[in-house]
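Colleague: Structure incoming, see below.
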Amino acid sequence: MKKVHLILLVLFLSILSGCVASPAVVNINGDKIDGSEFAYYLNYELASYEKPEELTKEDIDKIKETALDTAVNNTIVLQKCEEYGIELSDEEEDEIKALREEFITDLGGSAKYLEFLEESALNDRVYKKTQKQGYYHEKLMAYLTENTDQPESIGFTDETLRKFFSENYVKIKYIYMSSLTEDGEPLSDEEYDEQLNLARIVAEGSKEPDKDFDLLIEKYNDDYRMRVYPEGLVYSEHELENEEVFYHALEMEENEIAGPYASSDGFYILKRYPVDAGYFDNHHDEILNEAVDMKYEMLLETWRANAIVKVSDVYNDIDASNYKTYIK
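Just so we're aligned: 265 in our numbering is position 165 of the sequence shown, and the numbers increase by one with no gaps anywhere.
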């Protein structure tokens, strides 16, 4: 019986580790990502599509590029950790191991774990690597934040943080005029043109020296947020990048009024204000986290731009129909 158990154990371990080496897909500064690992990244991107089999070659190429970017980013982080001598502690290694064992138990045992790996386009080696990746990201960020003497430091002093705040935060008040009916349907063409014309008249009138913008908000605004936040909304530059209309505030001077700007459901007239002096102290930690994250993202972009990335023929051949065959 002991011999049988030993054979089964060896078989299980051989399945986890893979008997045949998976071919290299990409080389990043000398470190290779093989087909097993790239298959995981590709599968993660494909999971957001209901029918991946219907994707065009152009679609697949774009998805592969996104998967490649993730692989490159993660590899560069590991390389930077090695450069700075950042390693996982014994306690962290034990924690990762214990979490994996707990996960296998929760799934129902080794056989269920193997099913999970297959469904997730993983093998055990890549699974373990992905579990460590988050630790390395956090440790690298912490190291570069705390060691302000490093050329690549992303840490801030009070002075540099205040400078970042003054350059990257804006305060906005606005008048929103809806282009929808009470039932949420688009206005007729004639009604839309009338609303647009009114928005233009209000915008021009709001720029007159004797006009009170707050009173105009009270009279014309159709958006509840200006009633909830009458003092205005404060955004970081990073947050405004994802806003449909408010990003225009980045082009405006303080106390300038601009618009109307058309959106999918109405028109916006914006006014940019100086951020209140007390905002920095009241939101210090939030601003610091935003600043560190932005600086880290910029650093990642620099590392990625300077990286030597070479894809193999396997990268050109791999697609949504065959990527799981590269999992070894």
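For each residue, glycine too, the CB sits at the ideal point set by N, CA and C.
1) DSSP beta-bridge partners for Met326?
2) I need the DSSP call for Lys102, collapsed to helix, strand or coil.
3) Could you tell me if Ser364 is buried or exposed, where buried requires 16 or more neighbouring beta carbons within 10 angstroms of its beta carbon?
4) Which residue's Cα is closest to the Cα of Ala299: Tyr324, Glu356, Val328, Leu370?
5) For Arg94, which residues of its own chain have a beta-carbon under 7 Å away from its beta-carbon, when the five flanking residues on both sides are left out?
6) With H, G and I counted as helix, E and B as strand and the rest as coil, what does DSSP make of Leu240?
7) How should Tyr149 be labelled, buried or exposed, when 16 other C-beta atoms within 10 angstroms of its C-beta is the threshold for buried?
8) Would you kindly work out how many angstroms separate the C-alpha atoms of Asn129 and Lys410, rounded to a whole number?
9) Hey, how far is the Cα of Leu340 from the Cα of Phe346?
10) Starting from Lys162, trace the alpha helix (DSSP H) in both directions and tell me its first and last residue.
11) Under 8 Å, with one C-beta from each stretch per pair, do the stretch 140-158 and the stretch 188-202 reach the 3-pair mark?
12) Run through the DSSP bridge pairs and tell me what Ala121 is partnered with.
13) For Leu333, which beta-bridge partners are listed by DSSP?
14) Considering just the uninterrupted stretch of the alpha helix (DSSP H) at Leu370, what are its terminal residues?
15) Keeping to the same chain, check which residues put their C-beta closer than 7 Å to that of Ile196; ignore five residues upstream and five downstream.
16) By DSSP, does Pro286 sit in helix, in strand, or in coil?
17) Are the stretch 218-231 and the stretch 136-143 touching, with three or more C-beta to C-beta distances below 8 Å?
18) Sort out for me which residues DSSP pairs Ala362 with in a bridge.
19) Which residues bound the beta strand (DSSP E) around Val409?
Modeller: A quick look at the data gives this:
1) Met326 is not bridged to any residue.
2) No answer about Lys102 holds up, because its pLDDT of 43 lies below 50 and its placement is not dependable.
3) exposed
4) Leu370
5) Only positions 101 to 428 of the chain appear in the structure, and residue 94 is not among them; the question remains open.
6) helix
7) exposed
8) 9 Å
9) 6 Å
10) 157-183
11) no
12) In the DSSP output, where bridge partners are listed per residue, Ala121 has none listed.
13) Ile272
14) That residue, Leu370, is in no alpha helix (DSSP H); its beta strand (DSSP E) goes 366-373.
15) Gln231, Lys232
16) strand
17) yes
18) Phe367
19) 409-411
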